[in-house]
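Residue numbers (this note's numbering), protein chains in the order written: chain A, 1 to 501; chain B, 502 to 1002.
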């Protein structure tokens, strides 16, 4: 039996290593690869994906899992070995349900769809992407059908990102959250806007990058195990638990761009850096879910990185890095400028309060599409009408409307928007639980001491890796099921103080 | 038949892409990988090597080659298809001769040997590496025995680097070259040394890197298809024909370090950039041999990069980049400082004249070891005595003696030192032939015009890739077999003018 377990681990490690190699190929493509390297890079990525997939659906792996099944009966649910077998079984079952033909057709389709979108977006040409999006919708529905017995057709799609979570539950949370947010935005936007001039001065790129790294090293971003580079779109990726990469981008006329993307990606990086190193090379060595991952990036970007206590300690460092620009800007003015709330068209530029409205519009439209209640040809119109209704503004074109996000043009419908808001909800519940164990956390942040918060997150959120489902993890970490209250309270308290009228 | 050829190409492309992935993994390890990524990187490299090797020795590949053999009879030797089949057969035969057990034992041994050497060298402890080197020698001899029927036991080892070249021929060239070089060094070193102060000032690293890239862009280093990064030891590697990477290192108190390593690696890069792009993904898309590769790096580093015409054009740019340091240094003084000849201990620091003496000492010692005429335990002593004899100096310790190069501690005995000098010899023969087609080349260089030289090299040396053996390539390119005369004349003319007494 232990011999079988060793065999299983050897097979899983090969899959893990092939996926890691693919991550490095992608990272390099986004950072350093010369432009003319892209066609060979496409071949290299396709080869790596094929090799990993062949191993993932190998019937021998299935037999090994069958043989190991009895072992799990004698082991506690949360033991490393039974968790390893459970996750391997889950991945094997999911991978073998989807025919190879469907997958290869879908990836081929997506690479065309992405190219067409890349050209169509700047030209505001929804009609060009429409047939591709229709096929993506058909194939997303077909994917769901490989998992019969679902409660809602979106469930198998949500499952990829948030294992075990159901559309019905997400819909309930989102509807309640919307009811709190719409009037909150209404109330805030009637008040005067903060002065944005503190962050919209000239900040040389090199100085921003150096300061950003200084700040995240203080938080725990470990240069022995992690690095930062530049890319067009910031991301975090894992090559191994000892080799975590994040990227950032810099705007010289907007201090917030690199600052908050660096803090955001650091949250992702700290999650991976906190996973039990003993899990390296196994399916345990990854995140519980996209939502949990997002909770960590949002926690460090927003709950810490846009908080007053954090800047009480950090603002003097920022002023020292940019004395000419910030010497005469009081902390209070800087703090208000990084927390402006406004009705806007672009999700990725949105503030903490309105961000979730953007996400929830997309999620609802996805459910309508998947249920067949909305046709792709009516999507631009539905988009505009929901923006008007929820955010009080209407996009003047599709470029900044239904064409703005890459997701639908490079992945499935139901492809994970929901995880951004689930992450936000979780972030507040984690922070509340951490503060209840360590009531000094706000004071700690004000002194630049991140140890209690980091320790709590590492122990309760990071270390278990993928051992628990997202909802299990939240309940084990906080003693409560996932709930909205901490997040709504957090927003009410913070933005009530910032916008007091 | 064409279907079989397509099948062959698909198999070869997979091997090519796996080797390319391994190259990227290694490049990343030397440039950007965080230190703690190394253990997973070892696994990733081993996996990639295994996957490539499995495909290279797959009996199905052998059958395919058998089926395709008749096709080659109808095709000219130098046609792309027959060359592809010939090279694939050569690689398959070589790979299948060596048992997998031998290979895995050898790679395991080398990784230990390298680690021990890395620790033993700074401690000047030859006794620690001795048993490892003895095993390396045994296994190098064993490797040769997998290719029975050789004329000299070193031939199968040389073959890996210079296909078709024989120890007997190399020995003859080297003996003749030594007879010319020893008195040349004797004569030169009796004359006063040039003033080295022009290149030993403070040159800020950023300015050196920027200038180096400017200079090689002028030569043809194409940023759309190639890039430069920093690493501890400069190297060039190919990810694909559209993605060539080179590295450099900078010393702020020695201008020559980054300048000439950049020119050297650019020579390697231009070779790969010049290979027929139609060969991408096949065994044709690589170099003819290590020696031919080295001929290109030496040609650009030395025959161009340390020539007076090149600096007549380039020196004003260098002065403009470092006005405080070089404004008052005349071209003549700078030119002399970059061409100092001295008896020295370290091969990699050696000048154009003495460099080959370092190489030939190693090659002769390798033949003695392989023939069993020298035992590893007597190697340090043999090293010292040959240095005394050929270079007139004796290393005070093994650290700067027999322990100085990584080669014997991380590869086979017979592992390629000879290619450095073969490359030097070729570089002069290529340059002579280029100048005989384009007599204006020296004038061109003096005007910063590299077009004739680049065009000649691309057409005669680069474009064919690996289609011809190194000796075939030289004969086709220059109309003569490989010969010493052009190289010896080049050294006599250049250094006769620099050291006229």
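C-beta: ideal position from N, C-alpha, C; glycine also.
* To do: In the DSSP assignment, find the unbroken beta strand (DSSP E) run with residue 244(A) in it and report its ends.
  => DSSP places residue 244(A) in the uninterrupted beta strand (DSSP E) bounded by 243-248.
* Per DSSP, the bridge partner or partners of residue 752(B) -> Residue pairing by DSSP puts residue 752(B) in a beta bridge opposite 755(B).
* Do residue 110(A) and residue 411(A) have their C-beta atoms closer together than 8 Å? -> For residue 110(A) and residue 411(A), yes; Cβs fall inside 8 Å.
* **Interface residues of the stretch 532-549 of chain B facing chain A [CB-CB below 8 Å]** => For the stretch 532-549 of chain B, the set of residues with a beta-carbon nearer than 8 Å to any beta-carbon of chain A comprises 533, 534, 535, 536, 537, 538, 539, 540, 541, 542, 544, 545, 548 and 549, in chain order.
* Going along chain A, which residues have a C-beta under 8 Å from residue 777(B)? -> The contact set of residue 777(B) on chain A, defined by CB atoms closer than 8 Å, is empty, because the minimum CB distance reaches about 15 Å.
* Asked: Skipping 5 residues on each side, what residues in its chain have a beta carbon closer than 6 Å to that of residue 367(A)?
  -> Here the set comprises 154.
* Run through DSSP, which three-state label would residue 740(B) get? -> In the structure shown, the three-state DSSP call for residue 740(B) is strand.
* Tell me whether residue 564(B) is buried or exposed, calling it buried when 16 or more other Cβ atoms sit within 10 Å of its Cβ. => Counting Cβ neighbours within 10 Å, residue 564(B) comes out exposed, since fewer than 16 surround it.
* Would the beta-carbon of residue 1003(B) fall within 8 Å of that of residue 881(B)? -> The first residue shown for chain B is 502 and the last is 1002, placing residue 1003(B) beyond what the model contains.
* Asked: Quick one: what does DSSP say residue 667(B) is sitting in, helix, strand or coil?
  -> Judged by DSSP in its simplified three-state form, residue 667(B) adopts coil rather than helix or strand.
* Asked: Quick one: Cα of residue 443(A) to Cα of residue 312(A), how far?
  -> Cα-Cα distance, rounded: 10 Å.
* Express the C-alpha separation of residue 101(A) and residue 321(A) in angstroms, rounding to a whole number. => Their backbone Cα atoms lie some 55 Å apart in a straight line.
* **Three-state class that DSSP yields for residue 968(B) in the structure shown** => DSSP places residue 968(B) in coil when its eight states are reduced to three.
* With 16 other Cβ atoms within 10 Å as the buried cut-off, status of residue 948(B) -> With fewer than 16 Cβ atoms within 10 Å of its Cβ, residue 948(B) is classed as exposed.
* To do: Name, please, each residue of chain A whose Cβ falls closer than 7 Å to the Cβ of residue 741(B).
  => Within chain A, the residues whose beta carbon sits less than 7 Å from that of residue 741(B) are 37 and 40, listed in sequence order.
* **Nearest-angstrom Cα separation, counted from residue 409(A) out to residue 541(B)** => Residue 541(B) and residue 409(A) have their C-alpha atoms some 34 Å from each other.
* **Beta-carbon neighbours of residue 781(B), restricted to chain A and to distances below 8 Å** => Against residue 781(B), the close residues of chain A are 40, in the order they occur along the chain (beta-carbon pairs closer than 8 Å).
* **Buried versus exposed call for residue 797(B) [16 or more other C-beta atoms within 10 Å across all chains shown]** => So residue 797(B) ends up on the buried side.
* Given residue 196(A) as reference, the closest of 254(A), 204(A) and 235(A) once Cα atoms are compared -> Closest by C-alpha distance to residue 196(A), out of 254(A), 204(A) and 235(A), is 254(A).
* Asked: Taking the beta strand (DSSP E) that residue 128(A) falls in, what are its first and last residues?
  -> No beta strand (DSSP E) holds residue 128(A); the alpha helix (DSSP H) holding it covers 126-145.
* **Residues that residue 504(B) contacts on chain D, provided the C-beta gap is smaller than 9 Å** => Protein chains A and B are contained in the structure displayed, whereas chain D is not.
* **Bounding residues of the beta strand (DSSP E) (the contiguous stretch that carries residue 728(B))** => That run of the beta strand (DSSP E) goes 727-731.
* Compute the Euclidean distance between the alpha carbons of residue 477(A) and residue 231(A), then round it to the nearest angstrom. => Across the structure, residue 477(A) and residue 231(A) are spaced so that their CA atoms are roughly 34 Å apart.
* Please go through the same chain and pick out, in chain order, the residues whose beta-carbon is closer than 7 Å to the beta-carbon of residue 851(B), but skip the five residues on each side of it. => Same-chain partners within the cutoff: 845 and 859.
* Through-space distance from residue 662(B) to residue 916(B), alpha-carbon basis -> Taking the Cα positions, residue 916(B) is about 8 Å away from residue 662(B).
* Rounded separation between residue 794(B) and residue 769(B) - CA only -> Each residue's alpha carbon lies about 6 Å from the other.
* With 8 Å as the threshold, decide whether the Cβ of residue 727(B) is near any Cβ in chain A. => For residue 727(B), the nearest beta carbon of chain A is closer than 8 Å to its own beta carbon.
* Establish whether the CB of residue 434(A) and some CB of chain B are separated by less than 8 Å. => Among the residues facing chain B, residue 434(A) is not included, as its CB has no counterpart in that chain under 8 Å away.
* Would you decide whether residue 179(A) is buried or exposed? Buried here means 16 or more other CB atoms lie within 10 Å of its CB. => Exposed is the call here.
* Taking residue 425(A) as the reference, give the member of 471(A), 394(A) and 263(A) with the closest Cα. => Residue 471(A) holds the alpha-carbon nearest to the alpha-carbon of residue 425(A) among 471(A), 394(A) and 263(A).
* Inter-residue CB distance, residue 748(B) and residue 729(B) (contact presumed, cutoff 8 Å) -> Distance from residue 748(B) to residue 729(B) at the Cβ level is roughly 7 Å; contact confirmed, criterion being Cβ atoms closer than 8 Å.
* Could you confirm whether any beta carbon from chain A is found closer than 8 Å to the beta carbon of residue 521(B)? => Using a CB distance cut-off of 8 Å, residue 521(B) counts as an interface residue toward chain A.
* Alpha carbon to alpha carbon, how far is residue 604(B) from residue 596(B)? -> Cα-Cα distance, rounded: 10 Å.
* Taking all protein chains shown into account, decide if residue 758(B) is buried (16 or more other Cβ within 10 angstroms of its Cβ) or exposed. => Buried, since its Cβ has 16 or more Cβ neighbours within 10 Å.
* Would you give the residue range spanned by the alpha helix (DSSP H) that residue 501(A) belongs to? => DSSP places residue 501(A) in no alpha helix (DSSP H); its state is neither H nor E.
* Asked: What residues in the stretch 50-76 of chain A bring their beta carbon closer than 9 Å to a beta carbon of chain B?
  -> Those would be 51, in chain order.
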